[in-house]
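Colleague:
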Amino acid sequence: MVYFVSNSRQTRTRFETLAKDFECAFFMTFTGLERELRSHDGCYSVVIDENLEMAACLSFISRHYSDRNLKKILMISSQTEGVPSLPDDRISICSYSDFEDRLSQLRGKDEDDDGLASLLLGDSPAMVHLRSEVKRIGAAGHNVLVYGPTGSGKELVAKALHAAYSKKAPSMLNCALLDSSLLESHLFGHRKGSFSGADSDFKGIAETANGSSIILDEFEAMPMLTQAKLLRFIDTGEYYRVGENVPRYSKCRIIALSNEPIGQLLDDKRLRFDFLMRIAVTRINVPALKDHLEDIGTLVRSREAKCVYKDHIRDIEGLKRYPWPGNVRQLFNVVDSIHTDNKCDKSIDMEDFARGFY
Numbered sequence: 001m002v003y004f005v006s007n008s009r010q011t012r013t014r015f016e017t018l019a020k021d022f023e024c025a026f027f028m029t030f031t032g033l034e035r036e037l038r039s040h041d042g043c044y045s046v047v048i049d050e051n052l053e054m055a056a057c058l059s060f061i062s063r064h065y066s067d068r069n070l071k072k073i074l075m076i077s078s079q080t081e082g083v084p085s086l087p088d089d090r091i092s093i094c095s096y097s098d099f100e101d102r103l104s105q106l107r108g109k110d111e112d113d114d115g116l117a118s119l120l121l122g123d124s125p126a127m128v129h130l131r132s133e134v135k136r137i138g139a140a141g142h143n144v145l146v147y148g149p150t151g152s153g154k155e156l157v158a159k160a161l162h163a164a165y166s167k168k169a170p171s172m173l174n175c176a177l178l179d180s181s182l183l184e185s186h187l188f189g190h191r192k193g194s195f196s197g198a199d200s201d202f203k204g205i206a207e208t209a210n211g212s213s214i215i216l217d218e219f220e221a222m223p224m225l226t227q228a229k230l231l232r233f234i235d236t237g238e239y240y241r242v243g244e245n246v247p248r249y250s251k252c253r254i255i256a257l258s259n260e261p262i263g264q265l266l267d268d269k270r271l272r273f274d275f276l277m278r279i280a281v282t283r284i285n286v287p288a289l290k291d292h293l294e295d296i297g298t299l300v301r302s303r304e305a306k307c308v309y310k311d312h313i314r315d316i317e318g319l320k321r322y323p324w325p326g327n328v329r330q331l332f333n334v335v336d337s338i339h340t341d342n343k344c345d346k347s348i349d350m351e352d353f354a355r356g357f358y
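Here UniProt numbering is used: the first residue of the sequence shown is 1, the next is one more, and so on.
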């Protein structure tokens, strides 16, 4: 999380433009930020605008530089000389012209961290391990099986894996939303006139994703025959458009997502074993939210910043006392409901909330 403190609307607009890919929140005064930090329990950075009084800036720094959750304080100033010495190398001053180049420091990460800390939020052991696995596996380019409960963030993990592998945008397909004929057409394409409604030639994602990744959500819903055809594609790179007998070739990475027990899928004969072996060259388990409840504060602030909510939920501890069967997706729904009902300042009894809404 990055907090920007500025009393200038023009400066705030500039910050918003430069930091549009950050999870961030804006404050006009240090008073508002101080109030926010009292309820904040995750890692954060602070950007301070030069229009604020230097004495107020230094007073804020003196109170917070020893905070273990503080990653970085960056003061933006046109005058970088004559400023009193600062107590910590995490605290620095730069000019507006250098600000954009310094943004990467605000994530509290090394330059080679690939932005994972901002995509896969949380500093719990579970999330630190998940980011480590994504970083380790991502650049290798192997096919990956990402499994975990519904709402836990498998799609974000898949996108992070892809980003470490290719600069080209990934192609995504939900296998549960299409019947077998349409699924095959979306995967491999079709020739004009090959079936009713095929009014023109169509490129499938096997072709458009050449040199990139195909993300298959709910891949276990894929029919056995389609699994066999995709298996051949994975092995040889060869595929046929529906209605054609001319082979085509493509090379891409497969990232498969599932929330069902893989062993059960094999027992139920819904999944070919040889297909699974080609898909699951490596595996990543995305933890349920109940296994990293300490990240709830960071996740809540992230949602509030993304939705530009004016207030902040105070009772973070109340949210931590709930097991969250719907995981991060359910947490975000609850955050939205609390803000919609203007209950940010009230204590939260999640058991009562769950009986009423879930």
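Using N, Cα and C, we set each Cβ at its ideal position, and we do this for glycine too.
Within its chain, find whatever has a CB closer than 8 Å to the CB of Gly318; leave out the 5 residues flanking it on each side and keep chain order.
Modeller: For the purposes of this step, residue 318 is taken as the residue at position 318 of the sequence shown. Contacts found: Ser347, Ile348, Asp349 and Met350.
Colleague: Within the chosen definition, does the stretch 268-284 reach the stretch 139-149 through at least 3 CB pairs nearer than 8 Å?
Modeller: Yes, since at least three Cβ pairs between the stretch 268-284 and the stretch 139-149 fall closer than 8 Å, the two stretches touch.
Colleague: Along the chain, where does the beta strand (DSSP E) that runs through Ala256 open and close?
Modeller: Position 256 of the sequence shown, counted from the first residue, corresponds to residue 256. Per DSSP, Ala256 belongs to the beta strand (DSSP E) from Arg253 to Ser258.
Colleague: Does the distance from the CB of Leu231 to the CB of Asp274 come in under 8 Å?
Modeller: For this step, residue 231 is matched to residue 231 along the sequence shown. For this step, residue 274 is matched to residue 274 along the sequence shown. A contact, by the Cβ cut-off of 8 Å.
Colleague: Using the rule of at least 16 other Cβ atoms within 10 Å of the residue's Cβ for burial, across every protein chain shown, is Asp110 buried or exposed?
Modeller: On the sequence shown, position 110 is the one that residue 110 refers to. Residue confidence is low: Asp110 scores 38 on pLDDT, short of 50, so the model does not pin down where it sits. Its coordinate-derived value is still stated next. Flag for Asp110 reads exposed.
Colleague: So, is Met1 buried or exposed, given that buried needs 16 or more other C-beta atoms within 10 angstroms?
Modeller: Locating residue 1 in the sequence shown gives position 1, counting from the first residue. When all chains shown are included, Met1 counts as buried.
Colleague: How is Lys306 classed by DSSP in three states: helix, strand or coil?
Modeller: If you number the sequence shown from 1, residue 306 lands on position 306. Lys306: helix per DSSP, three-state reduction.
Colleague: Just the C-alpha distance for Leu331 and Asp199, rounded to the nearest angstrom, thanks.
Modeller: What you label residue 331 is simply residue 331 of the sequence shown in a count that begins at 1. What you label residue 199 is simply residue 199 of the sequence shown in a count that begins at 1. Distance between the alpha carbons of Leu331 and Asp199: 44 Å.
Colleague: Answer with buried or exposed for Phe195, where buried requires no fewer than 16 other C-beta atoms within 10 angstroms of its C-beta.
Modeller: The residue you call residue 195 lines up with position 195 of the sequence shown. It is exposed - the Cβ of Phe195 has fewer than 16 other Cβ atoms within 10 Å.
Colleague: In the DSSP assignment, what residue or residues form a beta bridge with Asn174?
Modeller: One-based indexing of the sequence shown puts residue 174 at position 174. Looking at the DSSP assignment, Asn174 forms a beta bridge with Asp217.
Colleague: Tell me the rounded alpha-carbon separation between Tyr3 and Gly122.
Modeller: Looking up residue 3 in the sequence shown gives position 3. Looking up residue 122 in the sequence shown gives position 122. Going by the C-alpha atoms only, they are around 17 Å apart.
Colleague: As an exercise, report each continuous beta strand (DSSP E) stretch of at least 3 residues that is fully enclosed by the stretch 201-248, in chain order.
Modeller: The stretch 201-248 contains these whole beta strand (DSSP E) runs: 213-217.
Colleague: Per DSSP, Gly189 forms a beta bridge with which residues?
Modeller: For the purposes of this step, residue 189 is taken as residue 189 along the sequence shown, with counting starting at 1. Gly189 is bridged to Lys203.
Colleague: So, at 7 Å on beta carbons, what are the nonlocal neighbours of Met178 in its own chain, with the 5 sequence-adjacent residues on each side left out?
Modeller: Within the sequence shown, residue 178 is the residue found at index 178, counting from 1. First, the residue type needs correcting, since residue 178 is Leu and not Met in the sequence shown. His186.
Colleague: If we call anything under 8 Å between Cβ atoms a contact, is Gly148 one with Val286?
Modeller: One-based indexing of the sequence shown puts residue 148 at position 148. One-based indexing of the sequence shown puts residue 286 at position 286. Cβ atoms of Gly148 and Val286: closer than 8 Å.
Colleague: In or out: Thr226 buried (at least 16 other Cβ within 10 Å) or exposed?
Modeller: Residue 226 sits at position 226 when you count from the first residue of the sequence shown. Thr226 should be labelled buried.
Colleague: Is Tyr300 buried or exposed, if buried means 16 or more other CB atoms sit within 10 Å of its CB?
Modeller: The residue you call residue 300 lines up with position 300 of the sequence shown. In the sequence as displayed, the identity of residue 300 is Val instead of Tyr. By the neighbour-count rule (16 or more Cβ atoms within 10 Å), Val300 is buried.
Colleague: So, helix, strand or coil for Lys343, using DSSP?
Modeller: Translated into positions along the sequence shown, residue 343 becomes position 343. Here Lys343 sits in coil by DSSP.
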